[in-house]
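Residue numbers (my numbering): 1 to 294.
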């Protein structure tokens, strides 16, 4: 490996940070719902480390399996494609991250360990085969957006609180929207490299993006529901969620109305900007939820 930056890009550490924020939200809400104090520091550390390591392992494995697809799609920022990380090196990094994540989950109890093991196995299945099956891969990724709320709730409350359920469901909706968008973005490369039968192969790229647009717009009103289930609706939390929603409305509207009129190069840029903007928006929204959970 040539640099720490290559490791960061291989494992997508920024996604792990977002998962950890979701876990923190669930822990704070779960502690209130269970009338329990906050867990000790070591539990916090383990609760944040487990999903981070499993997610990092999943992304490293994704790049291991997707080398040819990434080359077809000219993703030169991918460290294996650029030669900054060897393919076998990426595989060993993935294995190490999975092992660390699941070993640490053991110390959080049966519930947390079960979630870690199940999602580790599912992520391996996704990277190997599920991603090439229409909607199956999309639904798995959507589930990974929601499960951190369940994970945090189980650790601190011993059950899935109503707030955790609500947060998990709406996270799945926006996660599904982002993943359908990515599937459309990668469609040509997936088809050439693996003959993948993803959603665009059945309903077309444009219709897939319209579905993603509808999901983004559906998420916006639902994003306020957690404030009825334990989150504090203060100025900071509502403000940050609303700012995030403005961006998601713009993205959803573009996917529904603008994409068709764009030239091919413009379409590629639109999807790239949309994916990046949606990730930033979700980060802002999560911080808003965290402000409401404290």
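We treat Cβ as the ideally placed atom computed from N, Cα and C, and that holds for glycine.
Bear in mind the structure is a predicted one, so any value in this text is a computation, not a measurement.
- A buried status is given to residue 230, since no fewer than 16 other beta-carbon atoms sit within 10 Å of its beta-carbon.
- Following the DSSP letters along the chain, one finds residue 88 inside the alpha helix (DSSP H) bounded by residues 87-106.
- Three or more beta-carbon pairs drawn from the region 43-53 and the region 14-34 are found closer than 8 Å, and the two stretches are therefore classed as touching.
- Annotation for residue 158: no alpha helix (DSSP H) segment contains it, and DSSP assigns it neither H nor E.
- In this structure, the beta-carbon distance from residue 29 to residue 293 falls below 7 Å.
- In this structure residue 233 is exposed. Its beta-carbon is surrounded by fewer than 16 other beta-carbon atoms within 10 angstroms.
- Remark: C-beta atoms of residue 164 and residue 153 approach each other more closely than 7 Å.
- Segment contact: the region 234-253 against the region 277-284, three or more CB-CB distances shorter than 8 Å; contact assigned.
- Residue range 235-253 is occupied by the alpha helix (DSSP H) that includes residue 238.
- Cα atoms of residue 14 and residue 55: separation of roughly 10 Å, rounded to the nearest angstrom.
- According to the DSSP assignment, residue 230 belongs to no alpha helix (DSSP H), since it is labelled neither H nor E.
- The alpha-carbon of residue 79 is positioned some 11 Å away from that of residue 12.
- By DSSP's assignment, residue 133 forms a beta bridge with 197.
- The C-alpha of residue 101 is placed about 25 Å away from the C-alpha of residue 174.
- With at least 16 other beta carbons inside 10 angstroms of its own, residue 187 counts as buried.
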